[in-house]
Amino acid sequence: MREKAAAFVANNQRFIPLLATAALACAAYLLGAILYPGMRDPQVFFNILSSNSYLLISAVGMTLVILSGGIDLSVSGVVALTTVATAALLRGGTNPWLVVLLMFLMGMALGAIMGGFIAYMKVQPFIATLAGLWFARGMCFFISDDAIAIHHPFFRILALTRLLIPGLSDPATQRGDFITILTVISFLVLGIVALVAQYTKFGRSIYAIGGDEQSARLMGLAVPTTKVLVYTLNGFCSALAGIVLAAFVASGHGLYASGFELRAIAAVVMGGTSLVGGSGYVLGTFFGVLILGITQTLIQFNGNLSSWWTNIVIGLLTFVFIAVQSVLAARRRRRRRVEGMPSAAAAPTARRRRPWPVVAGAILGLAAVVLFLVPRLQPGGAASLGTAESEHCSLKPFRQDVADSMVSGGAVVVYERNGGARCIDEVYAIYPDGLVVGDNGVDRIEVAATVDAVGELLTSIRDFGWFTPEMYDTWHDPCGQCYGYYVTVTDQGETKTIRGVNGGTDAPADYWQVISLIKAMVPPFEVGP
Amino acid sequence: MAGTDARHLWRKATESKLFFPLTLLGFILLIDSILVPGFFSFQARGWNLYGSLIDILRNASTIMLLAIGMTLVIATGGVDLSVGAVMAIAASVAALLMNPYVLAKELPPHLMRLINDPNFTFQPLWVVIGVTLLVALLCGLWNGMLVAYVRIQPMVATLILMIAGRGIAQLITNGVRIQIFYEPYAYIGQGWLVLPFSLYLVAITYALTWLLTRRTAIGMFIESVGINARASYFSGISEKRIKMLAYVICALCAGLAGLVASANVKTSDANNIGLTYELDAILAVVIGGTVLGAGGRFSLLGSLLGAIVMQAVTTSMYALGVPAFALQAIKGMAVIVVILLYSEQARSFLRNLGTKTEAGP
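Structure below.
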């Protein structure tokens with residue numbers, strides 16, 4: 001029996017990195033569940049899947065590109081271009097199915113062109129896709145400078161339909177835990193691509209090319225064709241990710257998804273795929289995405305950590321995974337040298353990996369995350385966010401009418417924030433004579449500031465570029481337990497409203513500067529028991 | 530005889546690394562001279578010179594600094610994606626050293642006054658610059674360690690700092706965009722001494738790097754490591770140290786570029802300083818004739834020309850009234866054209882052109 005088990009382990013050693021990644025994802029989730037009771041709600045997990053569905057789709061496509069030994073930096077550009085083009089076409093009244101089809105064609109065409117340059121003209125993948133990134137981002141602004149909202153019912157259904165989970169929900173009242181159609185789409189893509197990579201000639205060719213392109217060519221594989229197909233497929237994935245993102249945020253903008261390609265690459269690396277190409281699994285990418293999503297959620301739930309910790313932790317995790325990969329590769333090389341085996345003759349099945357470096361790496365990564373997080377855990381932050389009773393609070397829509405009436409009543413700044421663990425909804429108005437009025441639906445408070453302070457505030461807001469296109473809307477709903485902000489500013493005859501969510505990392509930095517300026521002016525409400 | 534000379538000259542010119550960047554630059558300036566009136570005029574205010582050409586040089590200075598360091602890294606067969614993030618880190622460190630009070634919420638009035646004082650600095654300027662460059666050096670050591678000793682692919686190794694770097698830069702300033710009021714610091718980016726002051730920094734950096742690589746054996750070592758790291762190792766070159774040196778110089782250049790960029794806009798904006806500059810720097814090097822990915826022979830002067838070409842395109846597009854977003858799309862297409870021009874096919878075509886004129890009657 002023990003022999004059988006040992007043989008089983010020996011035969012399946014190549015799956016160990018995959019298992020290590022999965023274990024790390026589970027450990028990160030457990031850590032969250034222990035620290036923050038709020039995270040034990042299964043819906044939080046389903047929200048991670050839903051809000052990262054576009055990342056999963058794109059990372060799956062990226063996995064194939066990286067397996068083939070290439071890289072695709074253009075994904076964020078193609079994703080942004082798809083959101084803008086989708087929004088613009090829908091605004092023009094085009095049939096949504098036609099829009100989706102056109103977007104797929106556009107993504108695939110862009111991918112095929114870049115693949116063509118890489119496969120036939122021998123342009124470095126890095127340079128060719130970089131050119132693609134710039135081109136796509138530039139094209140976004142030919143279509144529209146501003147964010148375009150999507151109101152089409154097709155996209156609303158796509159984003160808002162709740163597929164209730166049997167056992168965790170009550171079908172009669174339509175309440176309970178749910179996933180969205182977007183999650184289902186991303187899982188379909190994951191499943192199909194994983195099967196294609198493992199069981200088709202095309203998939204095996206990708207592995208062969210990534211392992212050793214020269215050998216693949218000598219074996220008679222169609223190297224250029226496969227490469228073009230890989231980039232075309234990734235173009236398709238980018239377009240699909242763009243459509244999912246557009247549905248998720250119900251709008252399109254050329255500035256969306258900036259730096260997205262790095263997150264996709266990080267997810268692939270964390271999934272155990274070697275960046276040199278030729279080894280790794282599509283399924284691993286799912287766990288990579290999960291680790292990214294859980295990291296972000298942990299940081300949101302902590303409440304005391306600023307958004308930039310996401311980047312630092314992602315960088316750190318990427319480093320740990322890459323270091324483990326390179327240590328593994330070095331050990332393999334050494335063993336081959338010892339066994340006197342020429343490296344080219346090593347078939348993939350002959351690769352033997354010791355689990356210890358991987359396990360050690362995983363533990364190290366986890367330890368690093370804990371070390372980074374624990375000193376910043378303050379009892380106040382964790383307790384207020386994580387009480388078990390706290391209802392899951394979704395952000396309320398902006399009360400445009402209230403803000404409008406306040407602006408017509410002479411207010412120069414209207415500031416509304418809602419959400420958080422206590423589901424607050426507060427509206428503040430600042431008047432030019434220094435009067436500051438706050439209303440949280442129950443109480444109403446007033447304080448007086450000086451006229452000069454209000455003037456100074458308005459000047460600073462203008463200096464931060466409030467009335468320029470540099471300030472734009474960002475919105476994620478649902479976002480977990482976070483606050484939504486809506487700010488309307490009227491100054492010198494110009495009025496502009498910008499909304500943002502404090503969990504989102506994509507709002508302009510100056511937006512948070514303005515929020516903090518206003519926060520300093522408005523009086524806080526006494527927090528009731 | 531004259532024909533042979535002409536053919537010889539033509540071959541020599543087309544095979545030179547500087548031929549393509551110079552041709553491109555000439556072409557761009559030719560278009561400007563036709564379409565933009567007064568493009569080549571200079572104005573003198575006092576001793577200082579102003580004009581479109583000076584503008585191009587001044588705006589290109591950060592990319593030129595980055596390109597100098599990047600050339601060495603690319604010559605060792607690597608690439609450094611983290612330079613933009615290192616610029617942001619450098620800007621944050623410098624701003625914090627000059628005025629840490631900006632971050633405080635409540636301050637006694639006598640300190641509050643110092644925040645906007647153009648003559649106040651917490652640390653003297655040389656400490657600010659020294660410490661900033663030291664931090665950049667650390668970034669370089671980190672990259673070099675990963676590439677040379679841990680043996681991670683350069684693109685991947687530097688990607689880590691590229692992702693984490695902006696987070697670190699924001700961490701340093703606690704997410705605040707610090708305004709810089711100290712005037713002597715602003716001089717680094719905005720000062721004018723007949724020519725813009727930043728150009729002198731570029732010139733000094735170029736001269737030092739040139740001396741280091743062309744007057745010592747280090748340049749040859751870098752080329753040999755880029756061509757064949759293993760062979761270099763066997764011939765007694767410490768391949769790891771050479772790689773480490775290249776990444777450290779690159780990060781130092783990035784730190785300097787961060788100082789210039791933040792002094793120019795008088796803020797430390799961790800989100801935007803040096804954003805996508807790594808790509809511009811790599812392209813400048815590629816336009817300058819150093820081959821990406823292969824390593825080996827490099828041309829510092831070519832990279833400087835490449836940086837000027839990139840900026841000349843940008844400036845002339847603005848002068849022609851092309852909107853900024855269109856520029857990005859055009860840049861994307863231009864990159865592909867340039868890369869194709871550099872391909873072996875294009876070069877051999879030009880060589881054949883020279884041969885044919887000679888063979889004719």
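Line by line, the protein sequences give chains U and X.
Counted the way this note's numbering counts, the first sequence spans residues 1 to 529.
Counted the way this note's numbering counts, the second sequence spans residues 530 to 890.
C-beta atoms are modelled at their ideal positions from N, C-alpha and C, and glycine is treated no differently.
Spatial distance of residue i from residue j (CA atoms)
i                 : j                 : result
Gln840 of chain X : Gly669 of chain X : 26 Å
Gly465 of chain U : Val489 of chain U : 12 Å
Asn703 of chain X : Ala693 of chain X : 15 Å
Pro920 of chain X : Gly818 of chain X : Examination of residue 920 of chain X is not possible in this model, given that chain X is present from 530 through 890 alone.
Thr387 of chain U : Arg40 of chain U  : Because Thr387 of chain U carries a pLDDT of 30, less than 50, the predicted location of this residue cannot be relied on, and the following value inherits that uncertainty. So the alpha carbons of these two residues sit roughly 11 Å apart.
Leu578 of chain X : Tyr716 of chain X : 16 Å
Gly280 of chain U : Leu688 of chain X : 19 Å
Gly718 of chain X : Ser590 of chain X : 9 Å
Phe142 of chain U : Phe854 of chain X : 7 Å
Ala858 of chain X : Val851 of chain X : 11 Å
Ser621 of chain X : Asn645 of chain X : 18 Å
Asp473 of chain U : Ile299 of chain U : 22 Å
Val276 of chain U : Gly210 of chain U : 7 Å
Glu426 of chain U : Phe398 of chain U : 11 Å
Val777 of chain X : Tyr678 of chain X : 14 Å
Thr94 of chain U  : Phe154 of chain U : 12 Å
Ser390 of chain U : Gly176 of chain U : Here the model assigns Ser390 of chain U a pLDDT of 34, short of 50, so the residue's position is not dependable, and the following value carries that caveat. Cα-Cα distance, rounded: 15 Å.
Phe750 of chain X : Phe548 of chain X : 25 Å
Ser581 of chain X : Tyr847 of chain X : 11 Å
Tyr871 of chain X : Leu221 of chain U : 29 Å
Leu229 of chain U : Gly61 of chain U  : 11 Å
Phe649 of chain X : Ser791 of chain X : 17 Å
Phe46 of chain U  : Lys496 of chain U : 35 Å
Ile294 of chain U : Tyr29 of chain U  : 6 Å
Residue interval of the beta strand (DSSP E) (run including residue i)
i                 : result
Leu781 of chain X : It is not in any beta strand (DSSP E) - Leu781 of chain X instead sits in the alpha helix (DSSP H) that spans 768-794.
Tyr579 of chain X : 577-580
Val501 of chain U : 494-501
Gly484 of chain U : 483-491
Val436 of chain U : 435-439
Ala222 of chain U : Here Ala222 of chain U belongs to no beta strand (DSSP E), and DSSP marks it neither H nor E.
Ile430 of chain U : 424-430
Val454 of chain U : Element bounds for Val454 of chain U: not the beta strand (DSSP E) but the alpha helix (DSSP H), 451-463.
Delimiting residues of the alpha helix (DSSP H) encompassing residue i
i                 : result
Leu182 of chain U : 181-199
Asp561 of chain X : 548-564
Ala799 of chain X : Ala799 of chain X -> no alpha helix (DSSP H), and no H or E assigned at all.
Arg695 of chain X : 683-701
Ile445 of chain U : That residue, Ile445 of chain U, is in no alpha helix (DSSP H); its beta strand (DSSP E) goes 444-448.
Residues of its chain near residue i, where Cβ-Cβ distance is below 6 Å and the 5 sequence neighbours each way are ignored
i                 : result
Gly410 of chain U : Tyr431
Pro375 of chain U : A caution first: Pro375 of chain U carries a pLDDT of 42, below 50, which makes its placement in the model unreliable, though a value can still be read off. So no residue of the chain qualifies.
Leu290 of chain U : Ala25
Thr552 of chain X : none
Gly748 of chain X : Thr742
Val514 of chain U : Ile461, Phe464
Met684 of chain X : Val608
Assumed close pair residue i, residue j - CB separation to whole angstroms, cut-off 8 Å
i                 : j                 : result
Gly259 of chain U : Thr273 of chain U : Not confirmed; about 20 Å, so no contact.
Thr180 of chain U : Leu163 of chain U : 7 Å
Ile314 of chain U : Ala266 of chain U : 5 Å
Thr843 of chain X : Leu834 of chain X : Thr843 of chain X to Leu834 of chain X, Cβ: 15 Å. No contact.
Ala128 of chain U : Met114 of chain U : 5 Å
Ala924 of chain X : Ser753 of chain X : There is no way to answer for residue 924 of chain X, as the model of chain X reaches only from 530 to 890.
Which residues DSSP lists as bridging residue i, in chain order
i                 : result
Gly176 of chain U : U:Ser169
Phe571 of chain X : X:Gly580
Ile148 of chain U : U:Gly252
Gly419 of chain U : U:Ile424, U:Tyr483
Ala216 of chain U : Answer is none; Ala216 of chain U lacks a bridge partner.
Trp721 of chain X : X:Pro725
Arg331 of chain U : Answer is none; Arg331 of chain U lacks a bridge partner.
Close Cβ partners of residue i (< 8 Å) along its chain, the five nearest in sequence each way excluded
i                 : result
Pro379 of chain U : Any reading at Pro379 of chain U must be qualified, since the residue scores a pLDDT of 32, below 50, and its modelled position is unreliable; the value itself is stated next. Excluding positions up to five away in sequence, the list is empty.
Gly434 of chain U : Ala448, Ala449, Thr450, Val451, Ala453, Val454
Met219 of chain U : Ala208
C-beta neighbour in chain B for residue i, strict 8 Å
i                 : result
Val123 of chain U : Note that chain B does not occur in the displayed structure, where the protein chains are U and X.
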